[in-house]
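So the protein lines, in turn, are chains D and S. Per the working numbering, residue 1 is the first one in the first sequence, and the count goes up by one each step. Per the working numbering, residue 1 is the first one in the second sequence, and the count goes up by one each step. Where is the CB? At the ideal position from N, CA and C, for every residue including glycine. Take a look at the structure set out below.
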Amino acid sequence: MKPVYLQRAQLCSALSEDLQTAAAACRQGQLPQPEWFELHERSERRPYLKVAGASMDLRQRLQRLIDASTDGALDDCLLILASTTLDIASIEARVMAGEATGNQIAPALDALAEELRQQWGFAGAFTLNTACTSAANGLLYGARLVARNHYRRALVVAFETPSEVTRQGFGVLELTSPSAAYRPFHAERDGLILGESYASVMISREPGPAPLARLLGGFSACDTSSLTTTAEDGSHIDWVMRRALHSARTTTAKIGLVKLHGTATTANDEAESNGMRRTFPRALPPLCMLKPYLGHTLGACGLSETLLLMETLRQGALPGTDYADQALLPLPAQALTVPQRSLLLANYFGFGGNNASLVLQGIPT
Amino acid sequence: MKVIAACEVRGLDRTDNQLKATLGEYLSKPPRRIDRLTLLALLVAAPLKEHLQADSGLYLAATYPARPNMFALLESVCAQQKLPKPFEFVNSVSNAAGFHVAQQLGMQGPNLFIGAGAQVWGQLLDLAGSDLERAQVRQALVVLIEENQLDGFIAYALVLENGGDTLTGRDFASLSGSVEAIRLNLGD
């Protein structure tokens with residue numbers, strides 16, 4: 001794939017309302033504090049990571065993201081919305097207020113993307129939903145369409161709103177952490193913490209005034225072994241990572257860091273550990289994971305984690321892991337720096353068998 | 001990029017059980033506990049199975065999610081303050097339909113799901129074309145599902161390969177014009 005640049009990155013997350021402050025907090029190992037919600041029909045609480053700052057409705061947040069990530073006319077730009085929840089929170093609020101369910105409360109899947117296309121004058125727009133790989137696929141296919149000259153630019157907007165159906169659903173599947181100790185790859189991990197997030201980035205063939213990173217390639221494919229988990233032996237994850245490296249015309253030996261998906265669920269972390277040892281059988285490269293700092297932002301994680309990773313590395317070192325000696329993979333105990341031009345592999349996996357890996361490169365400041 | 005096979009399925013007032021019975025004519029072991037979106041995706045894709053190789057990508061679009069499933073979740077979680085049924089929650093992941101199609105048809109490539117709007121055919125062809133052109137896959141299965149209460153449902157599917165001229169059509173009729181499309185009319 002022809003490399004493309006990621007520019008004008010924006011992130012509103014549990015760490016901060018802006019990307020730079022979030023990265024500074026991440027560097028210092030500052031974990032966000034969760035709020036708690038109760039699982040229906042059980043007297044059990046689960047943690048949730050809301051975004052920092054004042055509350056705002058979804059359209060206000062999207063306006064802010066698009067305004068900050070674009071300039072000038074957008075008639076050469078594709079808009080990709082990546083989300084699993086879209087505007088479900090407002091629908092849930094109507095049902096909680098007593099409105100009957102029915103077709104009148106269910107907008108078309110394309111409605112929000114089309115609304116934004118018309119409002120901002122984008123050349124095209126669509127909604128992409130591939131569960132937790134939505135934003136990673138948004139980056140990958142946005143980059144390919146830009147690289148093939150279908151559009152001069154592509155804006156990826158990824159978000160995950162606080163949905164009661166999602167929180168209760170992950171709860172009933174026993175995937176959420178009761179302890180609020182978010183510890184991916186820990187031998188005694190007890191699940192994930194869901195997180196709210198809003199992120200955007202412009203993809204362009206030119207670096208522009210302040211590029212954050214280059215996207216060199218990637219690959220995404222469907223593991224049909226199970227709807228909710230990937231092959232535990234890591235074989236599919238291994239295959240996807242290798243295809244991603246091939247797409248970027250590079251090899252395992254040149255990878256300076258792997259950003260793991262690391263959900264802290266039993267099955268995912270086991271499969272990813274096995275996949276890593278298949279792809280890097282001789283020696284594992286430096287590793288990191290970011291979900292403790294953002295929560296699992298589901299459809300948005302492919303962008304929110306990519307941006308936090310690249311900005312934190314631009315500012316300095318990634319934080320160490322305080323349970324490194326108890327982890328399935330050799331996570332760094334101390335702060336981790338990598339050369340600014342290092343090639344990075346970023347993993348994103350999801351329900352529906354979707355596995356994706358991206359190959360990125362930082363841009364020296 | 002060229003079209004090598006096509007299928008169109010139409011129906012009005014068909015219950016899920018009726019759709020499942022029809023699906024059984026094409027698949028020996030259709031998945032259990034699937035929602036309507038998955039049923040429709042399987043119904044239009046299954047007749048094309050013999051044309052598809054393992055190295056294929058799926059590019060699926062729908063105007064709506066599986067609304068009956070979504071309403072059941074909203075009722076139980078938001079109105080009745082109950083926990084959702086696990087299978088209903090898992091099915092609510094919109095790419096569940098794509099997963100089942102890929103599993104049933106043995107497709108191992110990319111699997112994308114997008115919302116269908118006015119530009120949907122162009123978007124599906126762009127996404128499939130970007131993978132075909134870069135040899136990420138040898139074939140692409142493009143599926144569009146449209147459903148509303150008045151007109152029932154129409155589901156379209158095309159199998160694409162590299163070669164031929166640029167596809168300029170932006171509707172099923174013009175895109176499938178070069179092949180003899182399989183047409184199922186499930187009536188009412």
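Have a look at Gly353 of chain D and Leu112 of chain S and give me their C-alpha separation to the nearest angstrom.
11 Å
I believe Leu60 of chain S touches Gly98 of chain S by the beta-carbon criterion, under 8 Å. Please report the beta-carbon distance rounded to the nearest angstrom.
5 Å
Check the Cβ-Cβ distances between Leu294 of chain D and every residue of chain S, and say whether any is below 8 Å.
no
Could you tell me whether the Cβ of Cys7 of chain S comes closer than 8 Å to any Cβ of chain D?
no
Given Gln119 of chain D as reference, the closest of D:Thr279, D:Ile105, D:Leu62, D:Ala89 once Cα atoms are compared:
D:Leu62
Round the Cβ separation of Pro34 of chain D and Tyr48 of chain D to the nearest angstrom and send it over; I've been treating them as touching at under 8 Å.
6 Å
What residues match up with Gly362 of chain D in a beta bridge as DSSP calls it?
D:Ala213
How should Gln7 of chain D be labelled, buried or exposed, when 16 other C-beta atoms within 10 angstroms of its C-beta is the threshold for buried?
buried
Can you tell me which residues form a DSSP beta bridge with Ser92 of chain S?
Per DSSP, none; premise fails for Ser92 of chain S.
Gln10 of chain D to Leu19 of chain D span [Cα, whole Å]:
6 Å
Quick one: is Arg170 of chain S near chain D, going by C-beta distance under 8 Å?
no
Quick one: Cα of Leu294 of chain D to Cα of Thr84 of chain D, how far?
17 Å
Can you tell me which of the three DSSP states Arg153 of chain D falls into?
strand
For the structure I just gave you, are there three or more beta carbon pairs, one from the stretch 197–217 of chain D and one from the stretch 267–286 of chain D, closer than 8 Å?
no
Under 8 Å, do Glu164 of chain D and Lys50 of chain D count as touching if we go by C-beta distance?
no
Please report how far the alpha carbon of Ile4 of chain S lies from the alpha carbon of Val179 of chain S, in whole angstroms.
7 Å
Is the Cβ of Val95 of chain D closer than 8 Å to any Cβ of chain S?
yes
Determine which residues of the stretch 75–94 of chain S have a Cβ less than 9 Å from any Cβ of chain D, and write them out in chain order.
Glu75, Ser76, Val77, Cys78, Ala79, Gln80, Gln81, Lys82, Leu83, Pro84, Lys85, Pro86, Glu88, Phe89, Val90, Asn91, Ser92, Val93, Ser94
Are Asp35 of chain S and Ala79 of chain S touching if we call contact CB-CB under 8 Å?
no
For a contact defined as C-beta to C-beta under 9 Å, what are the partners of Phe153 of chain S on chain D?
Residues of chain D passing the Cβ test: none, with the nearest at roughly 14 Å.
Tell me the DSSP secondary structure of Tyr182 of chain D in three-state form.
coil
What span of residues does the beta strand (DSSP E) with Asn111 of chain S cover, start to end?
111–115
Identity of the residue in D:Leu65, D:Asn355, D:Leu227 nearest Val201 of chain S by Cα
Outside the shown range of chain S (1 to 188) lies residue 201 of chain S, about which nothing can therefore be said.
Does DSSP classify Ile145 of chain S as helix, strand or coil?
strand
Are Ala136 of chain D and Lys259 of chain D touching if we call contact CB-CB under 8 Å?
no
The stretch 335–350 of chain D in contact with the stretch 259–270 of chain D per 3-pair CB rule at 8 Å
yes
With H, G and I counted as helix, E and B as strand and the rest as coil, what does DSSP make of Gly124 of chain D?
strand
Run the CB neighbour count on Gly362 of chain D, radius 10 Å, all protein chains shown included, and call it buried at 16 or more, exposed below.
buried
Does the Cβ-Cβ distance between Asp126 of chain S and Leu145 of chain D come in under 8 Å?
yes
If you draw a straight line from the C-alpha of Ser174 of chain S to the C-alpha of Thr168 of chain S, how long is it?
8 Å
Mapping DSSP to helix, strand and coil, what is Ile237 of chain D?
helix
Tell me whether the stretch 315–323 of chain D and the stretch 216–233 of chain D touch, counting them as touching only if at least three CB pairs, one residue from each stretch, are closer than 8 Å.
no
Would Cys77 of chain D and Tyr151 of chain D be called neighbours here (beta carbons separated by less than 8 Å)?
yes
Opposite Trp121 of chain S in the DSSP bridges: which residues?
DSSP output for Trp121 of chain S lists no bridge partner at all.
Collapsed DSSP secondary structure at Arg64 of chain D in the structure displayed
helix
Distance, Cα to Cα, Glu8 of chain S vs Tyr156 of chain S?
5 Å
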